[in-house]
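A.B. asks:
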Amino acid sequence: MQTKSFYINKDLADLKLIDTALSFKPFVSYLQNRLKTEDSIKSKFYSFVLEHFKEGQDLDSVLNDPERAQHNANLLELIYGTLSPVLLSEKECYWALSTPVPNCVFYSTDAFHSLITSRDIREAAHSMVTDDEVFYHQQQQYVYRHILKKLYHFTSVLNDNTYYSYTDTETGLNRFYHIHIDTTFVDIEVKGPLPELDFETIENYLHNEDGVDVLAEILPLSLFKLTGFSVITLEDVTPRRAIEDIRNAIINPNDDQKELYKSVIKSLEILTENSDVHFGLLPFLKLNGEPLFDLSSCSESILIQAAQKYGVAEETYHALVDRYEKNPKAVFFSSLSEARQQKFFFLKTLSEAGIKSYAVIPVFYNKHIAGMMEIYSENRLVFYENLLSRLEFAIPHIAQLLQNSIEHFNACIDRVIKDNFTSIQPAVQWKFNETAWDYVKNPRSKRKQTGQSIISFKDVYPLYGAIDVRNSTVERNQALQQDMKRVLKLLLKILLTLDEKYPGHQWQELIERSNKWMLVVNDQINTSDEILIDEFLERDAGLTLTHFKSENAEAAEIVDSYLDMIAQDCEGPAFTQRNRLETAMQMINVTVNTYFEKAEQRLQQIFPCYFEKFRTDGVEYDVYVGQAIAPKQPFQIDFLRQMRMWQLTSMVDAARLTHKLLDKMPAALQTTQLIFIHSQPIDISFRSDERRFDVEGAYNIRYEIIKKRIDKVLLHNSTERLTQPGKIALVYFTQAEADEHIGYIKQLQDKDMLLPEIEMLDLEELQGVVGLKALRVSVNFDE
């Protein structure tokens, strides 16, 4: 035992948080009361202890009297003997006596003294135990817990879970100790009247971090004095804390699966308390019922890491899944001998990676295999069976982790499908859920039998925008004409050569038809003509030349250039101009789509909304927002204004992005930007037959009709199109709509995103639509 005193926190040795005095009196009083009720053999021991303590003896004088040092040690040892289990060795017990407010330890076991005073441990645990601010706060909480419990009989909610953590220098692994402080022998003296407390009033404050500050105002510590001594016990809770950390890591959401796995593996290593033991985790992912290899999900498996170096990671994964699904039994290899390497294909890879011993434990979730846990050692042989008892309580959490990874993967697949291939988006998912539940709950529902749509949203505000490739039809026809001319010219050249070298009536007929189609191509070509020309080039001319070549091998050098051209399908020179055009349009679409996928995130932050893109020659989108989309969140008209501002800003961004592509595109294509302003709410419903949302009702259908007709609308009494490259057109009906958007335009003009001029235009009458007007502004491309 150690009688030399020391401070847990030397920096706060002079801290006088509250008046305190060391005393034996509370201990003596406690034993005297126990003696009155104790009738077992313990009563004789209590009497023996009391005989050695003089009533009223002050502990301060005993501790500070060097001449009575041996007597002091005897008294303190009697306290230890009274309070500790008889058979417990003091070399294994972390136990100590300290001041009423624990800091100065004046008597402790060798184990406690060695742990707390170790230099390495104190440095590693500095932030946990010796950080002045943390330590002071813990002291305050301790004092108030004791006062509330002893004087007010109130069990405080103030946190009393204090942990002592350090990194073991031998293993490099963390260890955790739970600090228990026994205040049985700490009495409280009240200086004056005891203040009354209304616990219903202060209880809510105690749950907050500043709960101690609230108590300090009501119960100043200057009103109290603590006498006696506290008993400190440290409990090694490393295994329990490791399990808790695993559970907390799994419970707390973390999209970074790799970091999550590393955290759990670290806790598993702490649980084993052996730095030579390492772990790997491998979930069994499946797609359409078949094993799926995903390197990012398998990166924490030592076997996959080793196999990856040799380029056989995927093959190893599939073989492993197949093996353990058929025979899911744990396998332990205390050594990787040559004989075992021949029997188990994967051991050779591990051996070459420096692994000396290895084990695979299949992990089950609800009786289905969710993956496997690896245990391996690089330095020495490990008897894995001895580790299983330590891992027993961790296995269920590992099963949950692997299952979570499987569910996370499936959720990612479902989310991509919903976002890109269905109309079910997060903003409206709740409505589909409710409808599905109604179907399940009422399987004979009339609405289900009649196919009536019951997924609808009333009074939502629409936002429509379109980024279109200027003159895409004209550009496509020109590209087609150029390609057709090239093929026909080559064909005519070959036919004339053949007619000269191999005279015959068949060449004249093909020459005449080629000239006929050349006239058509030079004039105007339509879809019907394109089909007929393709048939002529491939079937008539192509088959004739192929047959002639088979009978006249020497003609190959003449006809091969043409046959090669038409044989290369869409990748050959016969499609040069069309491919250049398609590549340019693809660049525009990818750029705009990518932009709006990111820009939508900002839109959803304003207020949940339904956002749907359509692929045309460019990109069109519909946005629907309103209270019906998110009933639990109050909708304000200001959200709509923010979205309209977002819409105009996004059009500027999209125009700038496509403008930057001009120097990179194989064909110089420009885009036009169009917004349709509709200030009145409409109703939409889900059309089960087309699996998409559409407007509902006669008035609302008018909105859809206008939207489809304005893309090619002309200015009033003019042949000029409203939509022009480098400009944004905003179509509207009322002056209020124009005034609102002029405000947004001026904000962007102030930011030099739009040029100063605003065109106010009247539009031609469309079928069934009168009174359309438009604003038109130019984008500033000088960013």
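If you're matching positions, the sequence shown starts at 1 in my numbering and goes up one per residue.
Idealized CB from N, CA, C, for every residue including glycine.
1) Taking the alpha-carbon of Leu17 as reference, which of Leu221, Gly771, Val731 has the nearest alpha-carbon?
2) Is Tyr562 buried or exposed, if buried means 16 or more other CB atoms sit within 10 Å of its CB?
3) Taking only runs that begin and end inside the region 633-696, name each unbroken alpha helix (DSSP H) of 4 or more residues, in chain order.
4) So, at 7 Å on beta carbons, what are the nonlocal neighbours of Val469 in its own chain, with the 5 sequence-adjacent residues on each side left out?
5) When DSSP labels each residue in this structure, what does Tyr621 get in the three-state scheme?
6) Taking the CB atoms as reference points, tell me whether Pro328 and Ile369 lie closer together than 7 Å.
7) Taking the Cβ atom as the reference point for each residue, do Gln227 and Ala13 lie within a distance shorter than 7 Å?
8) In angstroms, rounded to a whole number, what distance separates the CA positions of Gly451 and Tyr365?
9) So what does Pro462 bridge to, in DSSP terms?
10) Quick check on DSSP: helix, strand or coil for Asp19?
11) Are at least three pairs of beta-carbons, each pair with one atom in the region 537-547 and one in the region 477-496, less than 8 Å apart?
12) Where does Thr169 land, buried or exposed, given buried means 16+ other C-beta within 10 angstroms?
13) How would you label Trp517, buried or exposed, when you count the other beta carbons within 10 angstroms and need 16 or more for buried?
14) Count the other CB atoms within 10 Å of the CB of Phe781; is the residue buried (16 or more) or exposed (fewer)?
15) Just the C-alpha distance for Thr37 and Gly211, rounded to the nearest angstrom, thanks.
16) Looking only at its chain, what residues have a beta carbon closer than 7 Å to the beta carbon of Asn254, apart from the 5 residues adjacent to it on each side?
17) For the alpha helix (DSSP H) that contains Arg721, what are its first and last residues?
18) Hey, how far is the Cα of Ile121 from the Cα of Leu234?
19) Roughly how many whole angstroms lie between the Cα atoms of Pro634 and Ser650?
20) For the beta strand (DSSP E) that contains Tyr166, what are its first and last residues?
21) By Cβ distance, which residues of its chain are closer than 7 Å to Ala541, with the 5 residues on each side in sequence left out?
22) Give me the residue from Phe27, Lys42, Thr162, Asp653 with the minimum Cα distance to Leu754.
23) Pull up the distance between the alpha-carbon of Val214 and that of Lys418, whole angstroms please.
24) What are the boundary residues of the beta strand (DSSP E) that Val190 is part of?
25) What distance in whole Å lies between the Cβ atoms of Lys727 and Arg776, which are believed to be in contact at a cut-off of 8 Å?
26) Based on the DSSP output, what are the partners of Gln2 in its beta bridges?
27) Please classify Val779 as buried or exposed, where buried requires at least 16 neighbouring CB atoms within 10 angstroms.
28) Pick helix, strand or coil for Met784, following the three-state DSSP scheme.
29) Tell me which residues share the same chain as Arg702 and place their Cβ nearer than 7 Å to its Cβ, disregarding the 5 neighbours each side in the sequence.
30) Taking only the alpha-carbon atoms, compute the straight-line gap between Leu787 and Met665 and give it to the nearest angstrom.
31) Can you tell me whether Trp95 is buried or exposed? The criterion is at least 16 other CB atoms within 10 Å of its CB, across all chains shown.
C.D. replies: In short, the structure shows the following:
1) Position 17 of the sequence shown, counted from the first residue, corresponds to residue 17. Selected option, being the one with the closest Cα: Leu221.
2) Working through the sequence shown from its first residue, we reach residue 562 at position 562. Label assigned to Tyr562: buried.
3) 637-660
4) Counting from one through the sequence shown, the residue named residue 469 turns up at place 469. Around Val469: Met585, Ile588, Asp617, Gly618, Leu669, Thr671.
5) Numbered from 1 along the sequence shown, position 621 holds the residue referred to as residue 621. If DSSP states are grouped into helix, strand and coil, Tyr621 belongs with the strands.
6) Taking the first residue of the sequence shown as position 1, residue 328 is located at position 328. Taking the first residue of the sequence shown as position 1, residue 369 is located at position 369. Taking 7 Å as the Cβ cut-off, Pro328 and Ile369 qualify as a contacting pair.
7) Residue numbering aside, residue 227 sits at position 227 when the sequence shown is read from its first letter. Residue numbering aside, residue 13 sits at position 13 when the sequence shown is read from its first letter. The question names Gln, but residue 227 in the sequence shown is Thr. No; because the gap between Cβ atoms is not below 7 Å, this pair is not in contact.
8) Within the sequence shown, the letter at position 451 stands for residue 451. Within the sequence shown, the letter at position 365 stands for residue 365. Low per-residue confidence applies at Gly451: pLDDT is 49, beneath 50, and the placement is therefore not dependable, though the value from the model is reported in the following sentence. Near 39 Å, if we compare the C-alpha coordinates of Tyr365 and Gly451.
9) On the sequence shown, residue 462 is found 462 positions in, with the first residue counted as 1. DSSP, once it has assigned bridges, lists Tyr624 as partnering Pro462.
10) Locating residue 19 in the sequence shown gives position 19, where the first residue counts as 1. Looking at Asp19 - three-state DSSP - the assignment turns out to be strand.
11) yes
12) As a working note, residue 169 is residue 169 in the sequence shown. Under this definition Thr169 is an exposed residue.
13) Against the sequence shown, residue 517 aligns to sequence position 517. Trp517 should be labelled buried.
14) By one-based count along the sequence shown, residue 781 stands at place 781. Per the 10 Å Cβ criterion, exposed.
15) Locating residue 37 in the sequence shown gives position 37, counting from the first residue. Locating residue 211 in the sequence shown gives position 211, counting from the first residue. Straight-line Cα distance between these residues: approximately 39 Å.
16) For this step, residue 254 is matched to residue 254 along the sequence shown. Excluding the 5 residues flanking it on each side, Asn254 has same chain C-beta neighbours closer than 7 Å at Leu260, in chain order.
17) As a position in the sequence shown, residue 721 is number 721, starting the count at 1. Careful: Arg721 lies outside any alpha helix (DSSP H) and carries neither H nor E.
18) Taking the sequence shown and counting its residues from 1, one reaches residue 121 at position 121. Taking the sequence shown and counting its residues from 1, one reaches residue 234 at position 234. Because the pLDDT of Ile121 is 46, which lies under 50, any placement of that residue in the model is unreliable, and the number read from its coordinates should be weighed accordingly. Distance between the alpha carbons of Ile121 and Leu234: 14 Å.
19) Looking up residue 634 in the sequence shown gives position 634. Looking up residue 650 in the sequence shown gives position 650. About 25 Å.
20) Taking the first residue of the sequence shown as 1, we reach residue 166 at position 166. That run of the beta strand (DSSP E) goes 162-167.
21) In the sequence shown, the residue the question calls residue 541 occupies position 541. Taken in chain order, the residues that qualify are Leu491, Leu510.
22) Within the sequence shown, residue 754 is the residue found at index 754, counting from 1. If we check each option's Cα against that of Leu754, Asp653 comes out closest.
23) Within the sequence shown, residue 214 is the residue found at index 214, counting from 1. Within the sequence shown, residue 418 is the residue found at index 418, counting from 1. Looking at the two C-alpha atoms, the distance is approximately 51 Å.
24) The count along the sequence shown starts at 1 and reaches residue 190 at position 190. Per DSSP, Val190 belongs to the beta strand (DSSP E) from 186-190.
25) Against the sequence shown, residue 776 aligns to sequence position 776. Against the sequence shown, residue 727 aligns to sequence position 727. The pair is a contact, with the Cβ atoms about 6 Å apart (cut-off 8 Å).
26) Indexing the sequence shown from 1 puts residue 2 at position 2. Ser108, per the DSSP bridge assignment.
27) Here residue 779 refers to the residue found at position 779 when the sequence shown is read from its first residue. Buried, since its Cβ has 16 or more Cβ neighbours within 10 Å.
28) Missing from the structure shown is residue 784; the chain here goes from 1 to 783 and no further.
29) The count along the sequence shown starts at 1 and reaches residue 702 at position 702. Cβ neighbours of Arg702 beyond the five flanking positions: none.
30) Only positions 1 to 783 of the chain appear in the structure, and residue 787 is not among them; the question remains open.
31) By one-based count along the sequence shown, residue 95 stands at place 95. Per the 10 Å Cβ criterion, buried.
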